[in-house]
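K.L.:
Below is a structure I'd like to ask you about.
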Amino acid sequence: MRSIRIKAYTNYDKYVSVGAWTKIGLNNTDTNDQGTFDAANNHFVAPVDGTYLFGATLLYKTTPAPGRACAGGSC
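Numbering-wise (numbering that gives the first Met the number 0), the sequence shown opens with residue 0 and increments by one.
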């Protein structure tokens with residue numbers, strides 16, 4: 000059996016409030032060789048029993064508090 004390769008990502012901004020747990024859906028794939036990830040439903044199905052390793056990279060941006068002034072792109 001070939002190794003399973005998936006590269007999934009979001010193409011939208013998701014607001015996450017401080018101190019809250021939030022699920023962030025992955026709605027697109029660049030790589031999904033064996034069709035094991037369903038981006039429309041955020042669902043991975045392992046084709047065989049075993050141990051799978053998942054990794055993630057997160058990019059975030061902050062929103063300034065209301066009334067706070069920002070200059071030169073930094074707050």
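C-beta atoms are modelled at their ideal positions from N, C-alpha and C, and glycine is treated no differently.
Candidates A19, T50, I5: which alpha carbon is nearest D29's?
P.N.:
Stepping through the sequence shown from its first residue, residue 29 is reached at position 30. It is I5.
K.L.:
On the CB-based measure, 16 or more other CB atoms within 10 Å of its CB, does F36 come out buried or exposed?
P.N.:
Sequence index remark: in the sequence shown, residue 36 carries index 37 (1-based). Classification of F36: buried, given that the 10 Å Cβ count is 16 or more.
K.L.:
With a threshold of 16 other CB atoms inside 10 Å of the CB of A55, please say whether the residue is buried or exposed.
P.N.:
Counting from 1 along the sequence shown, the entry for residue 55 is found at position 56. When all chains shown are included, A55 counts as exposed.
K.L.:
Exposed or buried, what is A45 when buried is set at 16 or more other beta-carbons lying within 10 Å of its beta-carbon?
P.N.:
Walking along the sequence shown from the start, residue 45 turns up at place 46. Per the 10 Å Cβ criterion, exposed.
K.L.:
Thinking C-alpha only, which one of G49, Y14, D48, H42 is nearest A7?
P.N.:
The residue you call residue 7 lines up with position 8 of the sequence shown. Checking every option, the nearest Cα to that of A7 belongs to H42.
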